[in-house]
Amino acid sequence: MLKEGACASDHKALMSELKILIHIGNHLNVVNLLGACTKPNAPLMVVVEYCKYGNLSNYLRAKREFFLPYRDRSPKTQSQVRRMIEAGQVEQRARLPPSTSSSSIGNPRSQSSTKSNQKSPSPAVEKMEDLWKTPLTIEDLICYSFQVARGMEFLASRMVSPQQPIIQSNKQKSP
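The numbering of the sequence shown is the working numbering, which starts it at 1 and goes up by one.
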């Protein structure tokens, strides 16, 4: 949604982005367009998929202290890593950028959910918390890299670059 006081160029830029999202279509490894409100005298709104763990960049930065180059599956090591992660989570989340809430990167606990009068978390919430309690491994990084590559490959196949003809025409003009 455009912010209050947005100028015509902001509106044009968001409309341009909306047109690109419509042209691209849907893919598993790309944040997909769900809808938009483009009424003439109403605010311009674009609705995209919710990313329960937030963006990959912030997630990886938050987990970098808990990177293990290999996965040790012994119960003793796993419990030590879990304790280390739980001890460091509060400190780690405090260092995240202010625009990133802990819930946007996969931690559903917030100040309001720690009150004693609330129910225990559902299994889906506990599963999301488990993602935070597991260390980041090389297998995870390879998996994320593969998913990013698949998304980029899809985007490359769907996009027509407006700069491509300019570059080609410049090459033709040069001696």
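Note that CB positions come from ideal geometry on N, CA and C, so glycine has one too. Model, not experiment: these values are computed from the prediction.
Quick check on this structure: which residue in the options has the alpha carbon closest to the alpha carbon of residue i?
i    : options                : result
T137 : F66, S157 and F154     : F66
H27  : K39, T134, V48 and K52 : V48
K39  : M15, S57 and N55       : M15
L222 : G5, A8 and N29         : Only positions 1 to 175 of the chain appear in this structure, which leaves residue 222 out of reach.
V182 : G54, L33, N58 and Y53  : It is not possible to answer for residue 182, since the shown part of the chain is limited to 1 through 175.
S197 : H23, L18 and G5        : Limits of the chain in this structure are 1 at one end and 175 at the other, which puts residue 197 out of reach.
Can you give the Cα-Cα distance for residue i and residue j, rounded to whole angstroms?
i    : j    : result
L21  : M152 : 14 Å
K12  : L141 : 37 Å
M1   : L44  : 6 Å
L155 : P135 : 30 Å
A42  : G54  : 28 Å
R61  : P75  : 26 Å
S79  : L68  : 14 Å
S145 : N58  : 15 Å
Q147 : D10  : 31 Å
G5   : L18  : 20 Å
K3   : G25  : 26 Å
K133 : E139 : 16 Å
Exposed or buried, residue i, counting other C-beta atoms within 10 Å across all chains shown (16 or more means buried)?
i    : result
Y50  : exposed
V212 : Outside the displayed span of the chain (1 to 175) sits residue 212, for which this structure offers no information.
A149 : exposed
A8   : exposed
K63  : buried
For residue i, which residues does DSSP report across the bridge?
i   : result
C51 : According to DSSP, C51 bridges with nothing at all.
M45 : C37
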